[in-house]
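Q: I have a structure here, written as C-alpha cells, and I will follow up with some questions on it.
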Amino acid sequence: MKKNIADWTIIENSLQNNNHCLMKVKLENNGTLPTILPGQFVQIKVDNVEDVFLRRPISVHFVDYKNNELWLLIQLVGKGTNKLAEYKVGDKINIVYPLGNGFTIPESSEPKKLLLIGGGVGIAPLLYLGATLKEKGFKPVFLLGARSGKDLTQLEEFKKYGEVLITTEDGSLGEKGFVTNHSSLLCGDADFIYTCGPKPMMVSVARYAKEYNIDCEVSLENHMACGIGACLCCVEKTTKGNTCVCTEGPVFNINKLTWQI
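Take the sequence shown: its letters are residues 827 to 1087, numbered as in my numbering.
Quick look at the structure:
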C-alpha cells in the first residue's frame, strides 16, 4: 500500500483524562483520504521538543471519510506525546500514513461472534475496526479493560458499533479484574478474536483463544522508531524468523508468533 506524507490541520485536540488526548486532523487543501485499513498506524512529526528527533507511531482510532478526518487517540507517555497534547486547533502537523497492515475482515457472515478485546491505549484501533465490521453486517462485541474507570474513554463512540463490556482492575466500572477474567469469556463461544494492548494481556488472550480453538489476531505495540523497517527497533520473533512489526505487522495471527502460549 502506498505511503503518503502530508501536512494536516488539527480540528480538535481534547484531553480525555490524565493519560490520553483525542486529536482529530483534516488533510490540508481538502485532500482526499486514501484507503486506510483498521489496525494501520501513522507516524507524527513532533516539532520544537528537545531530544525528540523521531516521529511518534500512533494507531488509527477512526477514519471519517465523509468529513475527511483522521482520529488519533494518543497516550501521554513522554516528551513527544505530551507535546502533541499541547497543540491547538488550527495548528499544522506532518504525518506519514498509512503504515503497516490491518486486521482481517471476514468475507462472509459465517463468523457470528467477533470479540474485540482492548486494554489501555490498545482500545484505540478497535473503534475503527468495530465500525468497519458493523458496516460489513457484523455485530462486534467490545471487551475493554483499564486500571480504573477514569482511564477509559470514547465509550459512547464504541457503543455506536457494538455491545461494550468493561473490566477495571479497581472495580470502579464494569466487572473487577483483568479483561481475561470477564464472565463473558467463560463459555468460549467467540468465532474470532481481535486484540490490542499490553503484551501480557495479549498473551493471556492468545492462550484463551488457543484453549478454545478460536482464530485470533493481535496488534503488537513494540517500540518503533523509523516506521519503515530500517532501524530494527520493533523486531518480533515469528515462525518465519525475526520480523519488523512496523512493516510486517502490527497485526499478526497468533499462529505466526513464537509466544509460549
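Ideal placement from N, C-alpha and C gives every residue a C-beta, glycine not left out.
What you are looking at is a predicted structure, and each value in this text was computed from that prediction instead of being measured.
Report yes if the C-beta distance between L991 and L970 is below 9 Å; otherwise report no.
A: Here residue 991 is taken as the residue at index 165 of the sequence shown, counted from 1. Here residue 970 is taken as the residue at index 144 of the sequence shown, counted from 1. The answer is yes: Cβ separation under 9 Å.
Q: What does the Cβ neighbour count give for T858, buried or exposed, with the cut at 16 atoms within 10 Å?
A: Here residue 858 refers to the residue found at position 32 when the sequence shown is read from its first residue. Answer is exposed; the Cβ neighbour count stays below 16.
Q: So the alpha helix (DSSP H) P1026 belongs to, where does it begin and stop?
A: Here residue 1026 is taken as the residue at index 200 of the sequence shown, counted from 1. Looking at the DSSP string, the run of the alpha helix (DSSP H) that includes P1026 is 1025 to 1037.
Q: Using only the alpha-carbon positions, how far apart do C1042 and K938 sit?
A: Indexing the sequence shown from 1 puts residue 1042 at position 216. Indexing the sequence shown from 1 puts residue 938 at position 112. Each residue's Cα considered, the two are about 14 Å apart.
Q: If distances are taken between C-alpha atoms only, which option among P932, N844, R881, L959 comes closest to L925?
A: Position 99 of the sequence shown, counted from the first residue, corresponds to residue 925. That would be R881, whose Cα lies nearest to the Cα of L925.
Q: Taking L952 as the reference, give the member of E989, E1074, T861 with the closest Cα.
A: Residue numbering aside, residue 952 sits at position 126 when the sequence shown is read from its first letter. Of the listed residues, the one whose Cα sits closest to L952 is E989.
Q: Can you tell me whether I870 is helix, strand or coil according to DSSP?
A: Counting from 1 along the sequence shown, the entry for residue 870 is found at position 44. Reduced to three states, the DSSP call for I870 is strand.
Q: Once DSSP output is grouped into helix, strand and coil, what is the label at I1080?
A: As a first step, residue 1080 is located in the sequence shown; it is residue number 254 there, counting from the start. Residue state, collapsed to three classes: helix.
Q: When the Cα of L942 is compared with those of F964, S934, E936, I921, which residue comes out closest?
A: On the sequence shown, position 116 is the one that residue 942 refers to. Looking at the Cα atoms, F964 is the closest of the given residues.
Q: Taking S974 as the reference, give the member of K1002, E982, T958, V967 with the closest Cα.
A: One-based indexing of the sequence shown puts residue 974 at position 148. Looking at the Cα atoms, K1002 is the closest of the given residues.
Q: Count the other CB atoms, across all protein chains shown, that sit within 10 Å of the CB of H846; report buried if there are 16 or more and exposed otherwise.
A: As a first step, residue 846 must be located in the sequence shown, where it is residue number 20. Label assigned to H846: buried.
Q: Identify the residues that DSSP records as bridge partners of T1064: which are they?
A: What you label residue 1064 is simply residue 238 of the sequence shown in a count that begins at 1. Beta-bridge pairing links T1064 to G1067, L1083.
Q: I'd like to confirm the pairing. Which residues does DSSP put opposite H846 in its beta bridges?
A: The residue given as residue 846 occupies position 20 in the sequence shown. H846 is bridged to Q901.
Q: With 16 other CB atoms within 10 Å as the buried threshold, where does Y923 fall?
A: Residue mapping note: residue 923 aligns to position 97 of the sequence shown, counting from 1. Y923 comes out buried.
Q: How many angstroms separate the CA atom of I1040 from the CA atom of A1032?
A: The residue labelled residue 1040 in the question sits at position 214 within the sequence shown. The residue labelled residue 1032 in the question sits at position 206 within the sequence shown. Distance between the alpha carbons of I1040 and A1032: 9 Å.
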